[in-house]
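Heads up, the sequence shown is in my numbering, so the first residue is -18 and it goes up one at a time.
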Amino acid sequence: MAYLIPAGAIITMIGLVLLMVCIVRIAKARKAGLSDDDLRAVMQATVPLNMGALFLSAIGLMMVVAGILLS
């Protein structure tokens, strides 16, 4: 079960990188001075990516904890 630890760490890192992508995307939209409707559209388009990133991070951390407990 030791393979769960590095695999979980990699999945967690992918999730964290995707979270950073979401942050950068929203920051660029805010700095662009978009109207409220356009900013809302960008944020709504970013929500699925954000939720997927959080899901990947959580699953990766669960894999790391499971690997520690089982090894």
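Glycine included, C-beta positions come from ideal geometry on N, C-alpha and C.
message: Looking at the secondary structure, which residues open and close the alpha helix (DSSP H) in which residue 38 lies?
response: 17 to 51
- request: To the nearest angstrom, report how far apart residue 23 and residue 6 are at their CA atoms.
  value: 8 Å
- prompt: What is the residue span of the alpha helix (DSSP H) that residue -11 lies within?
  reply: -15 to 12
query: Looking only at its own chain, which residues have a Cβ that is under 6 Å from the Cβ of residue 51, when we skip the five neighbours before and after it?
result: -18
message: Count Cβ pairs between the segment -11 to 5 and the segment 38 to 45 that sit closer than 8 Å; are there 3 or more?
response: yes
- request: State yes or no: is the C-beta of residue -12 within less than 9 Å of the C-beta of residue 33?
  value: no
7 Å Cβ shell around residue -3 - same chain, five flanking residues per side excluded: 38
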